[in-house]
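Here's the structure, in structure tokens; my notes come after.
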Amino acid sequence: MKQVYRACKKCKRITTEKNCAFHPEEKTTPDWLGFVIVAEPANSTIAAKAGIKEKGVYAIKVRQ
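UniProt numbering puts the first residue of the sequence shown at 1, with every later residue one more than the last.
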């Protein structure tokens, strides 16, 4: 079975779960575009512009 990657509507983290591990009350959606991998948020200009403070994989755009 093909794995479906989903993004949290609140923090934009990408996961395969139906609920976000960081926001359990928030449902995830398979409707997102592009992603960024943040390894060192303290040294990342992209993370600073996106407001990302923790390392992980994030969607660039999440459709509500």
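Glycine included, each C-beta is placed from N, C-alpha and C at the ideal position.
- Here the alpha carbons of K9 and K27 stand approximately 7 Å from one another.
- In this structure, the straight-line span from the alpha carbon of R6 to that of T45 is close to 25 Å.
- Shown here, T16 sits in coil according to DSSP, grouped into three states, outside any helix or strand.
- Here T28 is bridged, per DSSP, to C8.
- Straight-line measurement puts the Cα of R13 at about 15 Å from the Cα of E40.
- DSSP lists F35 as the bridge partner or partners of A59.
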